[in-house]
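Enquirer:
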Amino acid sequence: MNTVQNIETIQLSKVVSDFLNEEKKLFIGGEFVSSSSNNTFQTLNPANNEVLAEIHEASEEDVNSAVQAAKDAFENGQWSTMTPLERGDLIYKLAILIDEHKQYIAEIDSLDNGKPLAELLENDLPNAIGQFKYFSGWASKLMGQHIPVNGDFLNYTRHEPIGVVGQIIPWNFPFMMAAWKIAPALAAGCTIILKSAEQTPLSALYLAKLVQEAGFPKGVINIVSGHGETTGAALVKHPLVNKIAFTGSTEVGKIIMKEAANTMKRVTLELGGKSPNIILKDADLDKAAEGVFAGIMYNQGEVCSAGSRAYVHSSIYEEFVDRLVNLAKKVKLGTGLQSGITMGPLVSEEQKERVINYIEIGKSEGAKLVYGGGASEQGCFVEPTIFGDVEDDMRISREEIFGPVLVVSKFENELEVVERANDSEYGLGAGVWTENITKAHKIANKLKSGSIWINCYNATDPASPFGGFKNSGFGREMGSYALENYTEVKSIWVNLN
Ligand code: NAP
Ligand code: MG
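Using our numbering, you'd call the opening residue of the sequence shown number 444 and step up by one each time.
1. Is Leu-780 near the ligand MG, going by C-beta to nearest heavy atom under 8 Å?
2. Flag Ser-748 as yes when its Cβ comes closer than 8 Å to any non-hydrogen atom of the ligand NAP, and as no otherwise.
3. Using DSSP's beta-bridge definition, name the partner residues of Thr-634.
4. Going by Cα to Cα distance, which pick from Leu-554, Phe-462, Gly-817 is closest to Gln-781?
5. CB-CB under 7 Å to Gly-916, same chain, minus the five flanking residues each way: which ones, in chain order?
6. If we ignore side chains and look at the alpha-carbon of each, how far apart do Cys-941 and Glu-504 end up?
7. Lys-806: beta carbon under 8 Å from a heavy atom of the ligand NAP?
8. May I ask which residues mark the beginning and end of the beta strand (DSSP E) holding Leu-812?
9. Give the secondary structure of Pro-617 by DSSP, where H, G and I count as helix, E and B as strand, and everything else as coil.
10. Cα-Cα, which of Thr-785, Ala-883, Glu-562, Asp-532 is closest to Lys-545?
11. Is it true that the CB of Phe-470 sits closer than 9 Å to the CB of Ile-664?
12. So, with DSSP's three-state summary, where would you put Thr-785?
13. Across which residues does DSSP place Leu-469 in a beta bridge pair?
14. Taking DSSP as the reference, what is the three-state secondary structure of Ala-902?
15. Contact between the stretch 673 to 692 and the stretch 527 to 545 is defined here as three or more beta-carbon pairs at a separation below 8 Å; is this criterion met?
16. Thinking C-alpha only, which one of Ala-509, Val-510, Asn-556, Gln-485 is nearest His-499?
17. I'd like the ranges of any beta strand (DSSP E) spanning at least 3 consecutive residues and lying wholly in the stretch 879 to 930.
18. For the pair the stretch 746 to 757 and the stretch 634 to 653, tell me if three or more CB-CB distances fall below 8 Å.
19. With distances taken Cα to Cα, identify the nearest neighbour of Pro-682 among Val-510, Phe-912, Trp-876, Leu-487.
20. Relative to the ligand NAP, is the shortest distance from any of its heavy atoms to the C-beta of Asn-615 smaller than 8 Å?
21. Cβ atoms of Asn-901 and Ala-737: under 9 Å apart, would you say?
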């Protein structure tokens, strides 16, 4: 394995080492409180599997307290009476505080998740700050309509906050996922209970400190750590929670949707993917190879919209695969805090085993392993891995691996490849690489995915919607669309006679 040896590890900031030594309580009603059960769980550093911290685990009773705090803040507290501009100001203040603390948050997520510090500073943190800045402006722009109805009536709509929202997030972008969820819900005027992922609970607790410092009214944002089957499930079944916003696996998304039916909760789901990249024969090969490679290997492949399937025109197939292999050779695997690394460990031993298992499946299915396939003994590292000559019915071409594994297939015909790309239970992202922009638009229109990237991959912006078709879920994060996740529409009629 091409792991980086003897490279300097960045010295942790004192703020972060102090934070790691603090007790990791729950954030409920504006205060840090101990778990009522006194249960704790450990979060590990996946680079070496050492314990980073003991985390208070939210019991059902703690979830009930957090929901009650959010309910009180919504019904009686200052939040509901605050003017939209004041609410926007507070959200913006949080953005500024996150900006001031971004180095510390990046170090925390790098330790807890494993990902390279530089990526956190270049992507996750600016993106998260952007969410709060962008949505702070929306707090004062939530407008209904005045509707010209038949008869002598004045009819208008109000877009009202949905109320108390439960938000459940995964471990792959711990801080950024929290920002994607919290910022639009705040702009809409909702109050929140956020459950972080058990593998990466630290940066959400750091955010709680900033929420306190910003001066949000008590109970507007509550943060609970714990396990999905207990803490998460308690949130999903709670009758006072009006809405669940979930990001995670399709499997758990289905469980949540079923459970939420009992209390008629509103639900939005951002789920898994097996996103295709189509490389036409006239593509700019330098750009396409780099884009396709980064589209799967970025964040160790632990990206819901990772471009995990590549369909390459047969006339450029050999050359394209060679280019991918050359890029793979340049990857520098190391711990997130080592300078100059480009890929960190996967998030956990469990995830490493899952990915190794899929690599074995790929070999046994007869796909050609053209690069990588190795994993570390110590820590959770897996090499960037490329399979060639992959057939569409192989499991590695159909199932989400959620790791640095690219499957490459050949195609001859452009119409047929779009069908093959669409022949998936998922529909989160898709990429098209060609210098023929007319053709690119035609293909984009036919692809069944929530995001289509032409000559780029995984571009996101707080202003542009992101979400899935099919088993990749429903509802859109970001942009004005995200506000629909957190508002109810009320139609008001006034008799003018
Ligand atoms: P996961 O196992 O579904 O977990 C996601 C979250 O749900 C975690 O906080 C988890 O808690 C919680 N959870 C688990 N079971 C639950 C239950 N019965 N009730 C309530 N909550 C429950 O997913 P993951 O392995 O962490 O994340 C990887 C998946 O997320 C991939 O499929 C990926 O594609 C998807 N993802 C999608 C997007 C998107 O925007 N579409 C973005 C990122 C990731 P614990 O982990 O604490 O047990
Ligand atoms: Mg961890």
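Using N, Cα and C, we set each Cβ at its ideal position, and we do this for glycine too. Computed from a prediction, not measured in an experiment: that's the story for all the values here.
Expert: Looking at the atomic coordinates:
1. no
2. yes
3. Val-607
4. Leu-554
5. Gly-696, Leu-712, Glu-713, Leu-714, Gly-910
6. Residue 941 is absent from the model: the chain starts at 444 and stops at 940.
7. no
8. 811 to 814
9. helix
10. Glu-562
11. yes
12. coil
13. Val-476
14. coil
15. no
16. Gln-485
17. 894 to 897
18. no
19. Val-510
20. yes
21. yes
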